[in-house]
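Asker:
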Amino acid sequence: MKIPLIYNLRSVMQRPTSTAFTAIGIGLVVAVFIGMLALANGFRAALTRTGSDRNALVLRRGADSELSSGLDREAVSILAASSHVAPGPDGRPLFSAESYLLIPLSRRGADTNTVANVVVRGVAAAAWQVRQNLVITEGQAPVPGRNEVCVGRTMALKFPNTDVGQALRFGGRDWAVVCHFTAGGSSFESEVWGDAEQFQPVFRRQGFSSASFRLADPAAFEEAERALEADQRLQVDVYREAAFYAEQSEVLGRILEILAFLITSIMAVGAIFGAVNTMYAAVAARAPEIAVLLTLGFHPRSVLLSFLVESALIALVGGVLGILLVLPVNGMVTSTTNWASFSEIAFSFRITPALLLSGVVFAAVMGTLGGFFPAWRAARRPVVQALR
Amino acid sequence: MKYFHLVLANLGRHKRRTLLTIASVALALFLFASLRTVVTTLAAAAQFGSARRLVSTNATGIVFPLPLSYANKLQATPGVEAVSWANWFGGRYGDNKRFFAQFAVDPASYLEMYPEIALPEDQKQAFIRERSSAIIGRRLVDIFGWKLGQDVTIQGTIYPGDWTFTIRGIYTPTDAVINDDMMLFQHEYLEERTGRPGQAGWYVLRIDDGDKSASIAKGIDDQFRNSNAATKTGTEQAFNASFATMWGNVSLLMGTIGMAVVFAILLVTANAMMMSARERTREVAVLKTIGFTDRTLFGLVMLEAGLIAGIGAVLGLGGAKLLYKSTNFNAGGFLPGFDVTTSTLAIGAGVTLLLMLASGLVPAVRAARLPVVQALRRVE
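Those sequence lines, one after another, are chains A and B.
Take any residue in the first sequence, count from 1 to its spot, add 36: that is its number in the working numbering.
Take any residue in the second sequence, count from 1 to its spot, add 49: that is its number in the working numbering.
(1) Check whether chain A comes within 8 angstroms of residue 385(B), counting only Cβ atoms and requiring the distance to be less than that.
(2) I need the straight-line Cα distance from residue 387(B) to residue 261(A), nearest angstrom please.
(3) Here's a check: name, in chain order, each residue in its chain whose Cβ is nearer than 8 angstroms to the Cβ of residue 277(B), leaving out the five neighbours to either side.
(4) For residue 382(A), which residues does DSSP report across the bridge?
(5) Spatial neighbours of residue 280(A) within its chain, please: C-beta separation below 7 angstroms, excluding the five flanking residues on both sides.
(6) The alpha helix (DSSP H) with residue 259(A) in it runs from where to where?
(7) For the segment 256 to 263 of chain B against the segment 177 to 189 of chain B, do three or more pairs of beta-carbon atoms, one drawn from each stretch, fall closer than 8 angstroms, so that the two count as touching?
(8) Out of 78(A), 65(A) and 45(A), state which residue places its alpha-carbon closest to the alpha-carbon of residue 314(B).
(9) Do residue 317(B) and residue 58(A) have their CB atoms nearer than 8 angstroms?
(10) Leaving aside the five residues before and after residue 416(B) along the sequence, list all residues of the same chain whose C-beta is less than 6 angstroms from its C-beta, in chain order.
(11) Identify every residue that forms a DSSP beta bridge with residue 116(B).
(12) In whole angstroms, give me the CA-to-CA distance for residue 54(A) and residue 91(B).
(13) For residue 339(A), which residues of its own chain have a beta-carbon under 8 angstroms away from its beta-carbon, when the five flanking residues on both sides are left out?
(14) Give the straight-line distance between the Cα atoms of residue 48(A) and residue 323(A), rounded to the nearest whole angstrom.
(15) Near residue 289(A), what residues of its chain come up, given a Cβ to Cβ distance below 8 angstroms and the 5 sequence neighbours on each side ignored?
(16) Mapping DSSP to helix, strand and coil, what is residue 86(A)?
(17) What does the alpha-carbon distance come out to for the pair residue 292(B) and residue 54(B)?
(18) Out of curiosity, what's the CA-to-CA distance linking residue 239(B) and residue 208(A)?
(19) Between which two residues does the alpha helix (DSSP H) holding residue 50(A) run?
(20) Scan the segment 96 to 125 of chain A for residues whose Cβ lies nearer than 9 angstroms to a Cβ of chain B and list them as they occur along the chain.
(21) Beta carbon of residue 158(A), beta carbon of residue 135(A): below 8 angstroms?
(22) The beta strand (DSSP E) with residue 134(B) in it runs from where to where?
(23) When you compare only the Cα positions, how much space is there between residue 428(B) and residue 374(B)?
(24) Does DSSP put residue 428(B) in a helix, in a strand, or in coil?
(25) What is the DSSP secondary structure of residue 474(B), counted as helix, strand or coil?
(26) State the DSSP-derived secondary structure class of residue 183(A), mapped to helix, strand or coil.
(27) Buried or exposed: where does residue 284(A) fall if 16 or more other Cβ atoms within 10 Å of its Cβ makes it buried?
(28) Can you give me the start and stop residues for the beta strand (DSSP E) that residue 399(B) sits inside?
(29) DSSP three-state label for residue 428(A), please.
(30) For the pair the segment 206 to 226 of chain B and the segment 251 to 260 of chain B, tell me if three or more CB-CB distances fall below 8 angstroms.
(31) Name the two residues that bound the continuous beta strand (DSSP E) containing residue 151(B).
(32) If you follow the beta strand (DSSP E) that residue 220(B) is in, where does it begin and where does it stop?
(33) DSSP on residue 206(B), reduced to helix/strand/coil?
(34) Please report whether the beta-carbon of residue 251(B) lies at a distance below 8 angstroms from any beta-carbon of chain A.
(35) Over the uninterrupted alpha helix (DSSP H) stretch that includes residue 284(A), give me the two end residues.
(36) Identify the residues that DSSP records as bridge partners of residue 303(B): which are they?
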């Protein structure tokens with residue numbers, strides 16, 4: 037026969053302080069667990085959303101990032117004329133040769149010492165169609181041939197002089213900010229975009245950094261890759277755009293995840309020890325009660341189950357508490373340098389339902405583990421000794 | 050301490066519980082020390098820099114080079130004693146599982162500029178003499194098992210192709226903040242192979258008077274203001290700090306998590322300690338009856354709490370210190386000089402004291418104030 041749940045609820049109510057302490061402790065562990073994974077999640081999301089499977093990205097052979105790559109004008113015109121490039125509605129190729137530049141900018145509100153390397157991407161007019169999910173939220177797209185730039189939404193939040201109508205100074209010249217854009221939460225939103233032809237003389241660049249184009253047939257990527265990489269005039273590596281940006285997030289994403297698991301597993305062990313101790317004390321204090329339960333004819337298994345449920349219950353309360361604690365960070369924007377591309381990347385904490393669920397499961401596991409040995413001991417108590 | 054034995058006996062009564070409590074204190078402080086060391090290491094990197102060294106970079110941004118022809122003009126600038134330059138190479142070795150930095154430097158002037166990069170005189174001379182030679186940090190020997198005289202091939206990402214260097218020296222940094230996993234090779238070799246006119250990633254200058262750094266820096270920047278590539282000159286410390294700030298909110302994040310960890314585990318631990326003390330109400334009553342004073346009992350309970358917290362602290366803080374020291378941890382080259390500082394240990398000790406008070410004070414006061422008659426009534 038099962039011991040009714042109300043027995044556990046009432047016992048928990050008997051010791052409100054110690055229950056609350058344990059629950060809060062477990063809650064904090066769950067909060068840190070969810071928070072750190074949300075960070076890794078947000079970072080990966082920002083970079084994996086940057087690329088599209090329908091696009092290909094071309095870099096100079098051996099280059100491992102857009103920064104270290106370089107393509108001369110001849111290579112760019114060969115690429116643009118390739119039959120693997122899809123034509124746009126106006127018949128011109130959906131092809132964007134881009135200059136990837138990094139400029140130091142001071143963050144908003146901070147002292148001038150805290151600089152970040154912001155990506156300035158010189159693009160072709162077609163880039164706004166080639167790249168994925170680009171939406172201009174304010175203002176008009178820069179007119180080719182003018183000193184105009186468009187600023188990503190998260191970049192605009194973090195740096196001064198980025199409002200539409202203001203002038204942003206870099207490369208020794210003022211650039212009119214004419215629009216803001218979003219890109220589905222991708223890392224493009226941390227960038228400044230302008231006309232590549234305008235940037236080249238200012239930054240004294242002869243050619244471009246990379247090229248991005250819409251595949252004429254997305255299923256024929258391997259074919260395009262083979263053809264372009266085999267072209268002796270080019271000396272390039274061709275990547276599927278989505279895969280390339282996902283790989284750029286690999287190192288930092290993995291560091292964040294390892295850190296999340298390392299920190300939370302150490303914390304969890306501490307919290308489980310705490311739960312074990314609390315439950316031991318609870319069992320010890322209730323020795324006579326347990327004896328009465330056993331005398332009344334409850335099976336030791338029921339006693340074991342009852343204490344396990346009680347421990348899990350406390351942990352679940354903790355889990356819910358942890359969720360409440362961590363929910364406010366959802367969507368909070370933070371930034372760091374992605375050392376793989378040496379550029380500032382802003383991203384937000386992304387708490388998903390799956391993450392919340394794993395937090396609750398984590399709490400329940402901590403509670404059950406923490407309650408097991410004390411419950412075991414409670415169930416196996418010799419009745420006579422306990423009643424004494 | 051004639052009652053020390055009594056305290057030990059009390060601790061030994063619930064051995065498993067005592068051990069668990071000590072272990073969770075130790076874990077909390079271990080994590081705290083680790084996270085705070087990330088913060089202090091980043092801060093130390095931002096602070097590092099000789100007052101007498103300046104760094105000149107391209108004003109447009111660190112990724113843009115400066116002409117090598119600036120070297121003579123910089124050398125001739127009043128107040129400048131010595132000039133050297135370096136380039137980021139950005140190569141990959143093997144499968145690139147373990148990244149390390151390679152720099153193209155002007156050997157003689159660079160080693161003279163950085164006495165912190167210490168290596169035997171004959172190795173130094175070999176590096177200066179031989180065009181395709183390189184020197185490596187001690188750690189790379191441990192990681193890859195490279196030996197003196199060995200040829201090592203690096204794939205260039207910025208400078209395409211395979212680059213083979215002969216290792217002619219192994220350096221040991223005298224300051225822990227300097228990476229011990231760099232590879233330095235000759236700048237001239239880079240120019241020779243690329244066939245491009247000389248460009249420097251940045252210049253390092255030694256000045257005669259650290260107090261005049263601001264005016265000397267301004268003089269240099271004014272000199273190049275209207276040239277092809279304007280410069281931005283600042284102290285070495287500011288240069289290093291600008292890299293440290295690129296981490297963004299990482300320090301804040303680590304600090305916050307560290308606090309949450311400490312708070313969570315201490316809460317749970319203090320709770321467990323208080324609960325175990327509460328069980329002993331009857332014993333306290335008995336002890337009082339046989340003549341223990343209130344003050345002694347207060348002291349005994351506090352001592353017990355202090356012992357648990359103290360042993361946990363020694364294990365946690367000492368463990369962190371020893372672990373990072375003995376494994377020579379540097380987070381894959383990202384955090385050189387990763388070492389638990391004295392200030393971290395001191396704060397850890399403060400947290401321990403707090404834990405002792407939080408977990409011991411309530412039961413200790415209760416024990417001291419316990420009315421004997423009432424308590425004894427509960428003893429069968």
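Using N, Cα and C, we set each Cβ at its ideal position, and we do this for glycine too.
From a predicted model like this one, the values you see are computed outputs, not experimental measurements.
Answerer: Reading from the atomic positions:
(1) Taking the second sequence and counting its residues from 1, the one referred to as residue 385(B) is at position 336. Residue 385(B) does not count as touching chain A.
(2) Here the question's residue 387(B) lines up with position 338 in the second sequence. Here the question's residue 261(A) lines up with position 225 in the first sequence. Taking the straight line joining both Cα atoms gives about 44 angstroms.
(3) Looking up residue 277(B) in the second sequence gives position 228. Only 116 meet the Cβ criterion.
(4) Here residue 382(A) refers to the residue found at position 346 when the first sequence is read from its first residue. DSSP output for residue 382(A) lists 371(A) as bridge partner(s).
(5) Counting from one through the first sequence, the residue named residue 280(A) turns up at place 244. Correct list, in chain order: 87 and 93.
(6) Within the first sequence, the letter at position 223 stands for residue 259(A). Its alpha helix (DSSP H) spans residues 257 to 266.
(7) no
(8) Within the second sequence, the letter at position 265 stands for residue 314(B). Comparing Cα-Cα distances from residue 314(B) to each of 78(A), 65(A) and 45(A), the minimum goes to 65(A).
(9) Taking the first residue of the second sequence as 1, we reach residue 317(B) at position 268. Taking the first residue of the first sequence as 1, we reach residue 58(A) at position 22. Yes, the Cβ-Cβ distance between residue 317(B) and residue 58(A) is below 8 angstroms.
(10) Position 367 of the second sequence, counted from the first residue, corresponds to residue 416(B). Closer than 6 angstroms at Cβ, skipping near neighbours: 333, 346 and 350.
(11) Taking the second sequence and counting its residues from 1, one reaches residue 116(B) at position 67. Paired residues: 248(B).
(12) Sequence index remark: in the first sequence, residue 54(A) carries index 18 (1-based). Sequence index remark: in the second sequence, residue 91(B) carries index 42 (1-based). Rounded to the nearest angstrom, the two C-alpha atoms are 39 angstroms apart.
(13) Taking the first sequence and counting its residues from 1, one reaches residue 339(A) at position 303. 39, 326, 329, 330, 411, 414 and 415.
(14) Sequence index remark: in the first sequence, residue 48(A) carries index 12 (1-based). Sequence index remark: in the first sequence, residue 323(A) carries index 287 (1-based). Cα-Cα distance, rounded: 15 angstroms.
(15) By one-based count along the first sequence, residue 289(A) stands at place 253. Correct list, in chain order: 76, 79, 80 and 83.
(16) In the first sequence, residue 86(A) corresponds to position 50, counting from 1. In the structure shown, residue 86(A) sits in coil (DSSP, three-state: anything other than H, G, I, E or B).
(17) The count along the second sequence starts at 1 and reaches residue 292(B) at position 243. The count along the second sequence starts at 1 and reaches residue 54(B) at position 5. Taking the straight line joining both Cα atoms gives about 55 angstroms.
(18) Within the second sequence, the letter at position 190 stands for residue 239(B). Within the first sequence, the letter at position 172 stands for residue 208(A). Going by the C-alpha atoms only, they are around 29 angstroms apart.
(19) Locating residue 50(A) in the first sequence gives position 14, where the first residue counts as 1. Taken as a continuous stretch (DSSP letters only), the alpha helix (DSSP H) holding residue 50(A) covers 41 to 50.
(20) 96, 97, 98, 99, 100, 101, 103, 104, 105 and 106
(21) The residue given as residue 158(A) occupies position 122 in the first sequence. The residue given as residue 135(A) occupies position 99 in the first sequence. Against a cut-off of 8 angstroms, the Cβ pair of residue 135(A) and residue 158(A) comes out as a contact.
(22) Locating residue 134(B) in the second sequence gives position 85, counting from the first residue. Per DSSP, residue 134(B) belongs to the beta strand (DSSP E) from 129 to 137.
(23) As a position in the second sequence, residue 428(B) is number 379, starting the count at 1. As a position in the second sequence, residue 374(B) is number 325, starting the count at 1. Any reading at residue 428(B) must be qualified, since the residue scores a pLDDT of 48, below 50, and its modelled position is unreliable; the value itself is stated next. So the two alpha carbons sit approximately 53 angstroms from each other.
(24) Here residue 428(B) refers to the residue found at position 379 of the second sequence. Caution is warranted here: a pLDDT of 48 is assigned to residue 428(B), below 50, making its placement in the model unreliable, and the coordinate value is therefore given only provisionally. Three-state result, residue 428(B): coil.
(25) Residue 474(B) lies beyond the residue range present for chain B, which begins at 50 and ends at 429; the question has no answer from this structure.
(26) Translated into the one-based positions of the first sequence, residue 183(A) becomes position 147. DSSP places residue 183(A) in coil when its eight states are reduced to three.
(27) As a first step, residue 284(A) is located in the first sequence; it is residue number 248 there, counting from the start. Residue 284(A) is buried by the Cβ-count criterion.
(28) Position 350 of the second sequence, counted from the first residue, corresponds to residue 399(B). Looking at the DSSP string, residue 399(B) is not in any beta strand (DSSP E); the run it does join, the alpha helix (DSSP H), is 391 to 418.
(29) In the structure as shown, chain A begins at 37 and stops at 424. Residue 428(A) is therefore absent and cannot be evaluated.
(30) no
(31) Taking the first residue of the second sequence as 1, we reach residue 151(B) at position 102. Unbroken beta strand (DSSP E) run through residue 151(B): 151 to 154.
(32) Counting from 1 along the second sequence, the entry for residue 220(B) is found at position 171. First-last of the beta strand (DSSP E) with residue 220(B): 210 to 222.
(33) What you label residue 206(B) is simply residue 157 of the second sequence in a count that begins at 1. The answer is coil: DSSP assigns residue 206(B) none of H, G, I, E or B.
(34) Along the second sequence, one-based indexing puts residue 251(B) at 202. Not an interface residue.
(35) Here residue 284(A) is taken as the residue at index 248 of the first sequence, counted from 1. Where residue 284(A) is concerned, the enclosing alpha helix (DSSP H) stretches over 277 to 284.
(36) Taking the second sequence and counting its residues from 1, the one referred to as residue 303(B) is at position 254. None, per the DSSP bridge assignment.
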